Each structure stands twice: as structure tokens, then as C-alpha cells.
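Residue numbers (the UniProt record's numbering), protein chains in the order written: chain L, 1 to 392; chain R, 1 to 392.
Don't be surprised by glycine CBs; every beta carbon is placed ideally from N, CA and C.
Just so we're clear, the structure is a prediction, and the values are computed from it rather than from any experiment.
Everything on this sheet refers to the single structure shown next.
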């Protein structure tokens, strides 16, 4: 079974059943994507609902043929498939396995397992783009106040070299992307449709700018339509791919508050920008702040960074994106890496002291990090390697 | 020693040392106001700082003569003295004994003991006015947004028969009073100067309207000036006299946030109305919401009532103001009283069931409450007595 077979199977599976479907993810985990696809297509899916869904889908086409066509189409328009077997896979989305939304009854709130694959437009490696990222989400019908705040947040986060992640909608999403782009930063738009036909059309120019330096990302094959439930399915990815989610404006119980609920369910920092109590667009955020003590009020970029920059936080992103995903490092190597300052060099003793490890361990881990091109020796000391973008 | 001696001594003591001084309050508790005054005037105050303060004050007049003149002046202009020996004393201010502000170093943050007396202008009994009251505080330099919200809160609280309590300042204070008056409600202004010369002059017409139906209250003798520290000394009373404090707008670390800190220190509901993060006048409130998890975000009158109306809350006000202070009732009598609905009658069994006491206890407590004119028998059942205002 080749890697290509596995990739094709992941695409076909995502087409057969909406991303997030728990029984499909579990099956892939147990027997791999190729066998899982075979099983589903043979009509022997473990669950009745899944068998029915697969059968219904089968009427409109052959899953393998659809997947092969999607891969060809993706190649033609410069969209690549990224799977968990690729280096650039963002490992943190696996946390979705642990997501349980309280009182969930709707399909979109229950079927929230990790993605099987991503379609990506843009040159930046996906995992690196998301390693140090903050989601900024909110209402389409944003007020001028909300749009202003989202723009400022996008700008400030990008200015501090954080990736801004959002959907592609009008209002808060677009304002956050624009702010980041204005700062010369890179942003990631996670879409609920194919990356070749980003929705809404009115943001077409914005999508083009995003794809130039940042990324357009989707779980759905090129050409896929932005069906209504897909926005909520997509929201779990925005929450899980980032180090924290900021809600800028939202009506009561709206889609944007759902993204924040997913961040809360993942125990990621969930932040809310308050607003005038006289504004309907602030009701959703204020509700979350009243109902969920874990949600934090933020009023500035500094407040956001305080939340997402916290050390010791579950799945915390590295201080800067390493060339290889940091989750490959063991704990001591991570500590050593985090002990290195951004601009200066440190001698071995200082590294060991800051990392809280003994000299031998520090030396061993530094050698390994040097080997991985994450650390360089300079002026008789150790320093963080410059980020890939700086290497000419 | 007559009651008049004790009253005069309380006034003289408040003149000799600023209200809240812990050593003075402790002395009055131990040996009574008359002996405490004698001790202070004899130069034998227990603390060096207090001896110095009393000596310094002594230069500008004779404490007993000043107090006697103040009582005469008060009588002339219709301001009465209220002391803990009076029926209308608001017993809840005694909680100030337990107030400890974390990290307090300034005199106004340390010397926060209960008042020795109040000067009151207005016909309403003080304890009754404050039994069901909410403080609405905030910045002098309020924005139109803040003034709007304070007016709405004042209106809504008064409309639901809660007393609005605030200072007398421009901005939020005035807006809250105006809102309550517009609703036909009664408000209480707690001043940092004599009740005969409410500050600022620009609010003179407002103060007259407040005194007509509500109350002007101060710890300082008629004629006293609004010295700067007195605003903070006064703020402890606003927090302690009410069932909860709402902060509408405040700059960072301003006087209004200090009132909220005192409410927090007293474990009373401390509420903050959020605002645009782009407004300097919202910074203080947002800071409190970020730093103090006990502080609650409120966006409406309903949210405020949810906080202050909580049953089981320490020193909770009665559902409506009884003729006698409710703190004279034992726990079972309070439960029985709270079990009675506002407009209907209940039979004995239902009262007992709702109060969670046995029939015998219910009957005994109901008889006592009837004796106290807090409960009436009607249509073969029991009902809350109508409030004093309704009795013609």
C-alpha cells in the first residue's frame, strides 16, 4: 500500500462522510485509511448512520474517482494535500479527539474528531504557520467598533510574529486578516469550502492576498460548496489549530461563540473582547464572559499575548516556530530550546541553569537541536537558529 | 450618661478623627462613645498617631462645642443625626469591621471601620432606604455611553423598587440618580461633605430633588468641606450600605474602582458594566474584570438583580423592606418571611414547606412576625404586610 493510496483514501473518506465524523476517524486510527475506505465502500461501515451516509454519497459518484479527480484538480491549481503523515501536519488538531461539548446534541457538536487531511493553497508549511497562531473570530455583521478592534488585533498579533487565523467571512474575519496583512504579517484563512473557490466572492481580492504570503486551508476537496453546517464543522479546526481564540463581536448564541466554545472545550485560551452593552453585537461575547469563568476578557493585543504566551500551557506553541514540529522534541529538549533567548547567545552553563537541567543533559540536547538546525553555535555560545524566512 | 451625651460624643469623635479610624471605633466599642471622647480629649489616646491627630484638631476648636454647634445647625436646617442606637441605623455597615483590602498601605485603605454616626437629610428612615439598595458608581468624566447606561440602570432599579445609592458627583453618579428619579424612585446620595452644602454646586438642583423624596447622607458634620481623602473614606460606606455595587465607567485605578474593591473586600456582589475597549473610561472596569474573578460582568438591570437578589447571600436584604430591620430576626423567622410571596397569601402548611421548617416553628415564627407587623393574616392565610409607604 503506497503513500499515494493512503492520501487518496483520506480524500475519499472526507468526501464520503463530513469531516469530524467520529466513527470514520476511529476506523482510520484502527485499520488505516485504505482499509477504512474499503470497508466503507463494501457497505460494512460499523454504524448504521454511516452506512446510510456512504450509500447516499455513492449515488453521486465513485469515491475513489472523485478523490483522484480532486487530487488532479488540486495539483493543477496549486493546492496541495496535507495529511498526518506529512511533516507539515499541525499535530495539535489531534486534541479534537478530547473535545466534548457540554450539552451537545447537534451533529456538528458531537462529530468533532480531528481532520483526516487538509487542502492548502500557499507556500508556507502548514504546521509552521499554525505553530504560533491566534484565532480571531466574530460576527459577519460586525459594527465599525468590532471591525476596528479586529483590525487592530490582527495588526498587533502579526506585528509580534503571530499568525492570525480566521474564517473567510465579511466582518470580523476579513478585518482580522486585513489588519495582519497591513502589518506585513501572514494569515491563514480556514474555509468551509474548496480552496479554489473561497467564499464569499466579495472577499476574492482578500483571498488572493492571503494566498500570496499566507495560506488558504480547507478540509473539503477543491470545488466543494460552503454548505451551511460546514461552517460549524470548520470552526472546530480554527479552535484546535491555534494557541487561543479571541471573539471580537457576536450576537447571542451565534456561530462565532461556537468557535469559542470549542476553544473552551479544548482547554485552550478563550478570550472575549467586550463592547458596549447597548450593542447587540456584544451580547454573545458578554454572555460567554458571564457563563464561562474560564473565558478571559481581553482589551488589547498585550492581553491576548498574555493568555497564549503562557508557559506550561497544554500544547503550548514554541516561542518561535522551529523548522520541524516541536512536538517531536522530548521534554528536556523543549526546555533547553525555550531557555534560549531570541537575540542573544548563551553559554552552556546559563542554558542549563535556565532550562533547569544538568550540564550533561544540556550539552546532549543542544547537540541534537544543532543537528536539527534549530540551534546554532555563535560567539562561543548557543543561539536559536534564525527562522526559515530569514535564511537566504 | 444620657443618650444626648452619647450622640454628642459620636459627633465630636468623628470631628476629632476622620471616620473609619480603627482605634477610635475599637475604643467606642470597648468603653462607649462618652468615655472614648473623654480619653481622647485627656490626651491619653491609645495610639501615638491618634494622640497627635486629636492634639492637632484641638487647636482649631473645642470638640464638644463643635459637636453641640453642629447638632444645633443640623436641627436648624433639617438634618438629623442617626446613630447605631437609633431604629433607622443601617446595621449592615458594621460589616466594615471585617473589611481588609489586600495590599492596603494608604490610610484610606486601612482605616475602614464602620461609621460612628450619619447625618441625614430627607424624611425616609435611613435603614429602610438602604435595606434594598444597589450602589451605581463610576467616573465623573463619563462618556455619553456611560451616562446612558447609568441612567438606564438607575431607572430600571428604581422601577423595581430598589434604592439607588451613589455619590453626588457629575457623570455616572448624577446619571444614576437622575435615572432613578425619572422612574419616580427614591435615591440616596452619600456625600463626602456636610449634607447642608452638597458638593459639587453644579448638582444643587439634583441634590434638592434627591432630598425631597430620597436622602442626602454624610458622616461629616454640617458645614464640613469635601476634602480629597474624604471621597475614598466615603466610598467604604457606599459599598457597605448596599446589597451590591455596579461600576459603570472608570479610568484605570480610579476612585470608582476603589468603591468596587471595597464591595469585593466585603464579599458583596461587585459588578462591572463593560464598554468599548477603545474608551479610556472602560479601562478601570475591564481591569477589575480581568483581575478579580469574583467581579461579575453585567449588561442589564436583570443581570444586576440576579446578583443582588441571590438568596443565602451574606447580609442579604429582605425581599422587601420590613418595618423593623430584618437583622433582628433569627434564621428561622427570616426563612419564614422569605417564604411568603409578594402578592398572594399562603396557608400554614405551604409556608412551612417553602421555608423548610416544621409546622410548629412556622406557626411560632408567623405569630412573632405578625406581632412585628411584618406579616398579616388574610383570607385564612398569611401574607407579607404592605410596606409602610402603602399604609395611609
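Own chain partners of residue i with C-beta closer than 7 Å, once the 5 adjacent residues on each side are dropped
{"i": "residue 163(R)", "result": "129, 130, 132, 133, 186, 187, 188"}
{"i": "residue 352(R)", "result": "358, 359, 362"}
{"i": "residue 232(R)", "result": "108, 255, 258"}
{"i": "residue 280(R)", "result": "251"}
{"i": "residue 22(R)", "result": "111, 113"}
{"i": "residue 379(L)", "result": "345"}
{"i": "residue 96(R)", "result": "112, 113, 114, 236, 240"}
{"i": "residue 64(L)", "result": "8, 12"}
{"i": "residue 81(L)", "result": "7, 11, 71, 74, 117, 119"}
{"i": "residue 94(R)", "result": "114"}
{"i": "residue 174(R)", "result": "203, 206"}
Residue(s) in a DSSP beta bridge with residue i
{"i": "residue 199(L)", "result": "None, per the DSSP bridge assignment."}
{"i": "residue 245(L)", "result": "135(L), 270(L)"}
{"i": "residue 166(L)", "result": "189(L)"}
{"i": "residue 126(R)", "result": "The partner list for residue 126(R) (beta bridge, DSSP) is empty, contrary to what the question assumes."}
{"i": "residue 118(L)", "result": "82(L)"}
{"i": "residue 375(L)", "result": "384(L)"}
{"i": "residue 262(L)", "result": "According to DSSP, which records beta bridges pairwise, residue 262(L) is partnered with nothing at all."}
{"i": "residue 218(R)", "result": "119(R), 191(R)"}
{"i": "residue 297(L)", "result": "272(L)"}
{"i": "residue 346(R)", "result": "382(R)"}
Cβ-based burial, residue i [other Cβ within 10 Å; buried from 16]
{"i": "residue 282(R)", "result": "buried"}
{"i": "residue 30(R)", "result": "exposed"}
{"i": "residue 12(L)", "result": "buried"}
{"i": "residue 2(L)", "result": "exposed"}
{"i": "residue 236(R)", "result": "buried"}
{"i": "residue 391(R)", "result": "Bear in mind that the predicted position of residue 391(R) carries a pLDDT of just 34, short of 50, making it unreliable; the figure below should be weighed with that in mind. By the neighbour-count rule (16 or more Cβ atoms within 10 Å), residue 391(R) is not buried but exposed."}
{"i": "residue 347(R)", "result": "exposed"}
{"i": "residue 59(L)", "result": "exposed"}
{"i": "residue 322(R)", "result": "Residue confidence is low: residue 322(R) scores 37 on pLDDT, short of 50, so the model does not pin down where it sits. Its coordinate-derived value is still stated next. Under this definition residue 322(R) is a buried residue."}
{"i": "residue 205(R)", "result": "exposed"}
{"i": "residue 302(R)", "result": "exposed"}
{"i": "residue 377(R)", "result": "exposed"}
{"i": "residue 219(L)", "result": "buried"}
{"i": "residue 349(L)", "result": "exposed"}
{"i": "residue 127(R)", "result": "buried"}
Selected residue, minimal CA-CA separation from residue i, among the options
{"i": "residue 154(L)", "options": "43(L), 144(L), 184(L), 143(L)", "result": "184(L)"}
{"i": "residue 273(R)", "options": "66(R), 5(R), 150(R), 39(R)", "result": "150(R)"}
{"i": "residue 241(L)", "options": "291(L), 90(L), 181(L), 276(L)", "result": "90(L)"}
{"i": "residue 297(R)", "options": "4(L), 195(L), 291(L)", "result": "291(L)"}
{"i": "residue 221(R)", "options": "46(R), 26(R), 78(R), 31(R)", "result": "78(R)"}
{"i": "residue 211(L)", "options": "197(L), 142(L), 335(L)", "result": "197(L)"}
{"i": "residue 209(L)", "options": "329(L), 383(L), 177(L)", "result": "177(L)"}
{"i": "residue 182(L)", "options": "16(L), 382(L), 204(L), 214(L)", "result": "214(L)"}
{"i": "residue 75(L)", "options": "244(L), 64(L), 121(L)", "result": "121(L)"}
{"i": "residue 430(R)", "options": "144(R), 330(R), 225(R), 340(R)", "result": "Since the displayed chain R opens at 1 and closes at 392, residue 430(R) lies outside it and no answer follows."}
{"i": "residue 263(R)", "options": "64(R), 100(R), 373(R), 207(R)", "result": "100(R)"}
{"i": "residue 167(R)", "options": "148(R), 219(R), 238(R)", "result": "238(R)"}
{"i": "residue 48(L)", "options": "24(L), 303(L), 179(L)", "result": "24(L)"}
{"i": "residue 393(R)", "options": "294(R), 265(R), 330(R)", "result": "In the structure as shown, chain R starts at 1 and stops at 392, and residue 393(R) therefore has no counterpart that could be examined."}
{"i": "residue 50(L)", "options": "27(L), 61(L), 62(L)", "result": "27(L)"}
{"i": "residue 145(L)", "options": "354(L), 305(L), 278(L), 165(L)", "result": "278(L)"}
{"i": "residue 216(R)", "options": "244(R), 253(R), 169(R), 249(R)", "result": "169(R)"}
{"i": "residue 331(L)", "options": "98(L), 143(L), 369(L)", "result": "369(L)"}
{"i": "residue 192(R)", "options": "375(R), 14(R), 373(R), 374(R)", "result": "14(R)"}
{"i": "residue 355(R)", "options": "307(R), 40(R), 338(R)", "result": "338(R)"}
{"i": "residue 142(R)", "options": "165(R), 161(R), 172(R)", "result": "172(R)"}
Cβ neighbours of residue i in the same chain (closer than 8 Å, five flanking residues each side left out)
{"i": "residue 229(R)", "result": "18, 107, 108"}
{"i": "residue 247(L)", "result": "137, 138, 256, 257, 259, 260, 270, 271, 272, 273, 284, 285, 288"}
{"i": "residue 68(R)", "result": "8"}
{"i": "residue 244(R)", "result": "134, 135, 263, 268, 269, 270, 271, 304, 307, 308"}
Residue-level contact to chain A via CB, residue i, 8 Å cutoff
{"i": "residue 278(R)", "result": "No chain A is part of this structure, whose protein chains are labelled L and R."}
Contacting residues, own chain, Cβ-Cβ under 6 Å from residue i (five flanking each side not counted)
{"i": "residue 10(L)", "result": "33, 83, 116, 117"}
{"i": "residue 5(R)", "result": "34"}
{"i": "residue 20(L)", "result": "111, 112, 113, 233"}
{"i": "residue 125(L)", "result": "88"}
{"i": "residue 179(R)", "result": "151, 154, 155"}
Run through the region 36-72 of chain R for me and flag every whole alpha helix (DSSP H) of 4 or more residues, listed as ranges in chain order. 48-59
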